[in-house]
Amino acid sequence: MKSVAFEGKVVIVTGGGRGVGRGIATRFLDAGAEVVICGRNAPERLPRGLAGENAKEARFFQADVREVEAIDKMLTFVRETFGRLDVLVNNAGGSPEAPAATASPRFSQSIINLNLMAPLHFSQRANTMMQLQADGGAIVNIASVSGTRPSPLTSAYGAAKAGLLNLTQTLAVEWAPRVRVNAIVAGMVRTEQAEKYYGDEAGIARVEATVPMQRLAMPADIAEACLWLASPLASYVTGAALAIHGGGEKPAFLGAREK
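Residue numbers (the working numbering): 219 to 477.
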């Protein structure tokens, strides 16, 4: 069986300082990779592997992924520091709630830039590096169930994530066979901001009851899927959208029928 070890590999995780991104960065560090994360602000603590005193620690590069110049500077740093790039995880994203009827054009454009245009620009530049490498590379886009179903109060976000899924398929065709491009369709994830979105523990429990697996995903669930998609174990997988959502959400009519 092929190994999923990443010793000697270089991985970028955008938005890797917290939440899902931090879980992804930590998992690649555990697998032996050199990991570079980015964000507008440095985290209080850098992601660190779990292998004791000799655990690897991520490097931080300050960059707003919505700015193409910042992306270029980060990739220059990676090239000059490591000489290669093996994996890009386009994780940075998100959106505050805003009714579609009143959301400003500036707000909507900002959300689309973060969740769709930034992954496109980052992927373009990463592909340029990866195509020159004998073993190519892998790109993993963190999409969302909001891109596969209605996304009330986050319409621009849902539309951007739907676009990201199409972008994944298109880039996979254009950049094969050397660079593989896949997406993870993430469901609800329990991060440090879970209570902000789902309320207190009682509220989180009510939300979890709507998921067939009876819990929210943990960042580690998304991270393990990223590791697999980026590894030789998925060498024939490209253009795929892997749903990590615990079975999705139960159809509303089931609850209505029970009442």
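Positions of the beta carbon are idealized from the N, C-alpha and C atoms, including for glycine.
- Query: Going straight from the alpha carbon of Glu224 to that of Gly250, what length do you get?
  - Reply: Within the sequence shown, the letter at position 6 stands for residue 224. Within the sequence shown, the letter at position 32 stands for residue 250. Looking at the sequence itself, residue 224 is Phe, so the reference to Glu does not match. The C-alpha of Gly250 is placed about 5 Å away from the C-alpha of Phe224.
- Task: Could you tell me which residues DSSP puts in a beta bridge with Val231?
- Result: Here residue 231 corresponds to residue number 13 of the sequence shown, with the count starting at 1. Note: Val231 sits in a beta bridge opposite Ile255 and Val307.
- Task: Give me the Cβ distance between Ala288 and Ile360, rounded to the nearest whole Å; I'm assuming they're in contact under 8 Å.
- Result: For the purposes of this step, residue 288 is identified with residue 70 of the sequence shown, where counting begins at 1. For the purposes of this step, residue 360 is identified with residue 142 of the sequence shown, where counting begins at 1. About 19 Å separates the two Cβ atoms, so there is no contact after all.
- Item | Residues of its chain near Ala390, where Cβ-Cβ distance is below 6 Å and the 5 sequence neighbours each way are ignored | Along the sequence shown, one-based indexing puts residue 390 at 172. Within the same chain, Ala390 has close Cβ partners Val399, Thr456 and Gly457.
- Query: For Asn384, does the count of other Cβ atoms within 10 angstroms reach 16, so buried, or fall short, so exposed?
  - Reply: Within the sequence shown, numbered from 1, the residue matching residue 384 stands at position 166. It counts as exposed.
- Which two residues bound the contiguous beta strand (DSSP E) that contains Phe279? Translated into the one-based positions of the sequence shown, residue 279 becomes position 61. Taken as a continuous stretch (DSSP letters only), the beta strand (DSSP E) holding Phe279 covers Arg277 to Gln280.
- Item | Span separating the alpha-carbon of Arg266 from that of Thr244 | Position 48 of the sequence shown, counted from the first residue, corresponds to residue 266. Position 26 of the sequence shown, counted from the first residue, corresponds to residue 244. Cα-Cα distance, rounded: 6 Å.
- Message: According to DSSP, Ile402 sits in a beta bridge with which residue or residues?
- Response: As a position in the sequence shown, residue 402 is number 184, starting the count at 1. According to DSSP, Ile402 bridges with Ile360 and Leu460.
- Starting from Ala336, trace the alpha helix (DSSP H) both ways and give me its first and last residue. Working through the sequence shown from its first residue, we reach residue 336 at position 118. Ala336 -> alpha helix (DSSP H) spans Ala336 to Met348.
- Per the contact definition of three or more C-beta pairs closer than 8 Å, is the segment 408–416 in contact with the segment 365–385? Touching, no.
- What residues in its chain sit with their C-beta under 7 Å from that of Ala394, if we drop five residues either side in the sequence? Numbered from its first residue, the sequence shown carries residue 394 at position 176. Around Ala394, the same chain offers Thr456 as residues with beta carbons nearer than 7 Å, after the five sequence neighbours per side are excluded.
- What's the C-alpha gap between Met348 and Thr388? Start at 1 with the first residue of the sequence shown, and residue 348 comes out as number 130. Start at 1 with the first residue of the sequence shown, and residue 388 comes out as number 170. Roughly 17 Å between the two C-alpha positions.
- Quick one: grab the DSSP three-state call for Cys444. In the sequence shown, counting from the first residue as 1, residue 444 sits at position 226. In this structure, Cys444 counts as helix in the three-state DSSP scheme.
- Which residue from Glu419, Thr386 and Gly466 puts its Cα closest to that of Pro430? The residue labelled residue 430 in the question sits at position 212 within the sequence shown. Checked all of Glu419, Thr386 and Gly466; the closest Cα to Pro430 is Gly466.
- Query: What is the DSSP secondary structure of Ala470, counted as helix, strand or coil?
  - Reply: Here residue 470 refers to the residue found at position 252 of the sequence shown. The DSSP-derived three-state label of Ala470 is helix.
- Task: Could you check what DSSP says for Val429 in three-state terms: helix, strand or coil?
- Result: As a working mapping, residue 429 is identified with position 211 in the sequence shown. Three-state result, Val429: coil.
- Compare the Cα-Cα distances from Ser283 to each of Phe325, Val305 and Met335 and report the closest residue. Position 65 of the sequence shown, counting from 1, holds the residue named residue 283. First, the residue type needs correcting, since residue 283 is Val and not Ser in the sequence shown. Ranking the options by Cα distance to Val283, first place goes to Met335.
- Message: Using only CA atoms, which one of Gly381, Lys291, Gly311 and Ala420 lies nearest to Gly237?
- Response: Taking the first residue of the sequence shown as 1, we reach residue 237 at position 19. Looking at the Cα atoms, Gly311 is the closest of the given residues.
- Task: With DSSP collapsed to three states, give me the class of Val222.
- Result: Taking the sequence shown and counting its residues from 1, the one referred to as residue 222 is at position 4. Three-state result, Val222: coil.
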